[in-house]
Amino acid sequence: MKRSKVAALLATTEIDREVLVKGWVRTKRGNKFVSFIALNDGSTINNIQLVADAEKFSEDSLREVTTGACIAASGILVASQGKGQTVEIQVNNIEVLGAADPEKYPLQKKGHSLEFLREIAHLRPRTNTFGAVLRMRHAMAFAVHKYFNDHGFYYVHTPIITGSDAEGAGQMFQVTTLDPANPPKTETGEVDYTEDFFGKQTNLTVSGQLEGEVAAMALGQIYTFGPTFRAENSNTTRHLAEFWMIEPEMAFADLTDNMDSAEEFLKFLVMYALNNCKDDLQFLNDMYDKELLNRLNFVVQNSFQRLEYTEAIEILKSAKQKFEFPVEWGTDLQSEHERYLVEKHFKKPVILINYPKHIKAFYMKQNEDGKTVRAMDVLFPGIGEIIGGSQREENYEKLAQRIQEMGIHEEELWWYLELRKFGTAPHAGYGLGFERLMLFVTGMGNIRDVIPFPRFPKSAEF
RNA sequence: UCCUCCUUAGCUCAGUUGGUUAGAGCACAUGACUGUUAAUCAUGGGGUCCUUGGUUCAAGCCCAAGAGGGGGAGCCA
Numbered sequence: 001m002k003r004s005k006v007a008a009l010l011a012t013t014e015i016d017r018e019v020l021v022k023g024w025v026r027t028k029r030g031n032k033f034v035s036f037i038a039l040n041d042g043s044t045i046n047n048i049q050l051v052a053d054a055e056k057f058s059e060d061s062l063r064e065v066t067t068g069a070c071i072a073a074s075g076i077l078v079a080s081q082g083k084g085q086t087v088e089i090q091v092n093n094i095e096v097l098g099a100a101d102p103e104k105y106p107l108q109k110k111g112h113s114l115e116f117l118r119e120i121a122h123l124r125p126r127t128n129t130f131g132a133v134l135r136m137r138h139a140m141a142f143a144v145h146k147y148f149n150d151h152g153f154y155y156v157h158t159p160i161i162t163g164s165d166a167e168g169a170g171q172m173f174q175v176t177t178l179d180p181a182n183p184p185k186t187e188t189g190e191v192d193y194t195e196d197f198f199g200k201q202t203n204l205t206v207s208g209q210l211e212g213e214v215a216a217m218a219l220g221q222i223y224t225f226g227p228t229f230r231a232e233n234s235n236t237t238r239h240l241a242e243f244w245m246i247e248p249e250m251a252f253a254d255l256t257d258n259m260d261s262a263e264e265f266l267k268f269l270v271m272y273a274l275n276n277c278k279d280d281l282q283f284l285n286d287m288y289d290k291e292l293l294n295r296l297n298f299v300v301q302n303s304f305q306r307l308e309y310t311e312a313i314e315i316l317k318s319a320k321q322k323f324e325f326p327v328e329w330g331t332d333l334q335s336e337h338e339r340y341l342v343e344k345h346f347k348k349p350v351i352l353i354n355y356p357k358h359i360k361a362f363y364m365k366q367n368e369d370g371k372t373v374r375a376m377d378v379l380f381p382g383i384g385e386i387i388g389g390s391q392r393e394e395n396y397e398k399l400a401q402r403i404q405e406m407g408i409h410e411e412e413l414w415w416y417l418e419l420r421k422f423g424t425a426p427h428a429g430y431g432l433g434f435e436r437l438m439l440f441v442t443g444m445g446n447i448r449d450v451i452p453f454p455r456f457p458k459s460a461e462f
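Quick note on full-length UniProt numbering: the first sequence kicks off at 1 and runs consecutively.
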């Protein structure tokens with residue numbers, strides 16, 4: 001007989017038939033006459049109840065059916081006699097596929113702290129919480145591809161190993177096959193990277209944007225969705241050393257098009273979660289964050305507040321609240337400033353644009369005022385910056401000059417500059433941190449709990 | 001990296017002014033119970049009080065250093 005998934009059985013109206021289920025035991029309870037086994041197979045957060053009568057199953061035969069054990073069970077799917085579920089399985093046969101010593105199995109019926117579960121990342125997907133998070137992670141990844149495919153964007157695979165260190169987005173992980181204890185040296189005593197695998201120094205990517213622009217200047221609209229690496233010594237609830245980033249890039253788009261795209265995209269993703277992850281969202285709402293569903297609904301129903309950086313500075317300066325860091329035009333906004341704007345002043349997502357050029361990246365399009373660039377940050381409640389983007393500088397001379405001013409190695413960016421030399425066009429794009437999106441849609445408080453195997457300083461255990 | 005808090009049973013935590021035998025709930029084991037819903041009830045086993053050093057007649061508790069973890073900040077997505 002073919003295995004049925006628990007999700008399908010709980011949704012079916014065809015009862016009084018024989019079924020086979022396989023999954024992991026969550027709890028067993030009962031008395032000497034009957035045992036009730038709650039079984040979960042990951043297809044849904046809900047369990048199916050197996051009913052094992054003592055006539056068919058001796059106490060001994062159920063000895064290995066304990067919390068955490070993996071079993072296959074066959075029997076008749078029937079309308080439940082008890083309350084709390086509509087159907088259950090009157091079991092005829094149980095096979096223990098893998099026992100789990102109840103003295104040693106770390107997961108129990110009752111709740112565990114998220115900190116403890118982080119130490120057993122190989123078992124935490126079997127909890128309600130991580131089952132919900134991982135199913136939602138899949139749903140969100142699928143929704144990303146669906147949105148862009150439906151809107152005429154092409155998925156482009158940008159390289160994970162990069163020879164450019166000019167992206168300026170933080171510390172990078174080096175990729176090398178040289179012997180770390182005894183690397184080849186040049187005459188001046190420095191490591192000779194011409195002997196390395198690629199003949200030059202290489203690193204793991206911190207962004208696919210520059211290569212994404214290459215593709216956008218041929219295919220029109222593209223997006224990347226891949227792993228991204230930052231070797232910063234960041235120890236926060238919002239940073240990982242290895243995370244996934246989505247970077248759309250659009251030819252013939254300006255900053256307004258960019259804002260429109262980012263807002264529509266985020267709303268689509270949240271709407272997709274609301275429509276397709278109901279059970280998991282309800283669980284997370286009940287267990288972790290009673291405002292989660294309200295907040296998600298609010299985001300899809302209200303337009304984001306669009307605001308000039310200069311206006312934001314004025315709002316912050318006239319705010320009654322005292323800030324730890326002083327506010328002055330030309331300084332970057334601190335977390336406390338972003339939180340004030342989003343959570344206190346506007347009480348909705350905010351898109352901040354036109355930042356001072358000296359606090360933003362070299363590739364952003366310069367405004368006529370000579371002071372600001374067409375940058376855009378989307379700020380979300382509780383998370384801060386969820387998207388960062390800009391219109392790109394498409395003028396060769398202005399871009400080359402900016403590269404010089406900022407002391408970036410021009411020779412490594414020759415191909416990026418040539419995009420402006422041959423058939424240049426206005427274009428814009430942005431980057432969405434996938435795990436920050438996951439924080440928002442799940443209501444989880446720590447980014448280490450929305451990725452199956454988190455990578456952060458001093459931690460790569462699993 | 002900085003600030004701050006925490007570390008006691010498998011898990012979550014209590015532990016008074018430093019005082020003699022370190023507790024609870026859950027989990028686990030045994031038993032009871034004719035349909036349970038994180039089942040319930042009874043009984044029982046279970047401890048490197050993070051590590052090292054110090055103060056003291058006496059340290060889970062006070063002091064110092066270290067390790068691990070949480071939260072906040074910086075950097076950013």
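Cβ atoms here follow ideal geometry from the backbone N, Cα and C, with glycine treated the same way.
Here the structure is a predicted model, which is why all the values come from computation and not from measurement.
Where Tyr-223 is concerned, the enclosing beta strand (DSSP E) starts and stops at 221 to 229.
Within the region 356 to 387, the runs of beta strand (DSSP E) that reach at least 3 residues and sit entirely inside it are, in chain order, 372 to 380.
Per DSSP, Ala-400 lies in no beta strand (DSSP E) segment; the continuous alpha helix (DSSP H) that holds it begins and ends at 396 to 405.
When the five nearest sequence neighbours on each side are left out, the beta carbons in the same chain lying within less than 8 Å of the beta carbon of Ala-216 are those of Ile-222, Glu-249, Met-250, Ala-251, His-427 and Gly-429, in order along the chain. If the five residues before and after Asn-93 are omitted, its C-beta is found closer than 6 Å to the C-beta atoms of Ser-74, all from its own chain and listed in chain order. Asp-377 and Glu-385 have their C-alpha atoms roughly 6 Å apart.
Here DSSP, grouped into helix, strand and coil, assigns Thr-442 to helix. Annotation for Leu-134: Pro-125 and Pro-452 place their beta carbon closer than 7 Å to its own, counting only its chain and skipping 5 residues before and after. Looking only at Leu-9, Ala-69, Gln-90 and Leu-292, the smallest Cα-Cα distance to Val-34 is reached by Gln-90. Residue environment analysis places Glu-247 among the buried positions, since at least 16 neighbouring C-beta atoms fall within 10 angstroms of its C-beta. In terms of Cβ geometry, Ile-76 and Glu-95 do not form a close pair [threshold 8 Å]. The C-beta distance from Leu-204 to Phe-225 rounds to 16 Å, too long to meet the 8 Å contact threshold.
Contact between Leu-39 and Val-6 holds: CB atoms are separated by about 7 Å, below the 8 Å threshold. Three or more beta-carbon pairs drawn from the region 265 to 283 and the region 131 to 147 are found closer than 8 Å, and the two stretches are therefore classed as touching. In the structure shown, Arg-448 falls within a helical segment according to DSSP collapsed to helix, strand and coil. Restricting attention to beta strand (DSSP E) runs no shorter than 3 residues, the region 35 to 72 encloses them at 48 to 53, ordered along the chain. Judged by DSSP in its simplified three-state form, Thr-186 adopts coil rather than helix or strand. In this structure the region 279 to 290 does not lie against the region 324 to 331, because fewer than three pairs of beta carbons, one per stretch, are closer than 8 Å. Between the C-alpha atoms of Asn-47 and Val-21 there is a straight-line separation of about 11 Å. Following the DSSP letters along the chain, one finds Phe-265 inside the alpha helix (DSSP H) bounded by residues 255 to 276. Three or more Cβ pairs drawn from the region 100 to 108 and the region 61 to 70 lie within less than 8 Å of each other, which places the two stretches in contact. Rounded to whole angstroms, Tyr-340 and Thr-186 show a C-alpha spacing of 53 Å. Going by DSSP, Tyr-430 is part of the beta strand (DSSP E) stretching over 427 to 433.
Taking each of Glu-88, Leu-379, Asn-354 and His-151 in turn and checking the Cα distance to Thr-12, the smallest one comes out for Glu-88. In the structure shown, Met-245 falls within a strand segment according to DSSP collapsed to helix, strand and coil. The alpha carbon of Arg-392 has as its nearest neighbour, out of Val-299, Phe-268, Ser-335 and Val-214, the alpha carbon of Val-214. Partner residues in a beta bridge of Lys-110, as assigned by DSSP, do not exist.
When the beta-carbon positions are compared, Gln-404 and Glu-410 come within less than 8 Å of each other.
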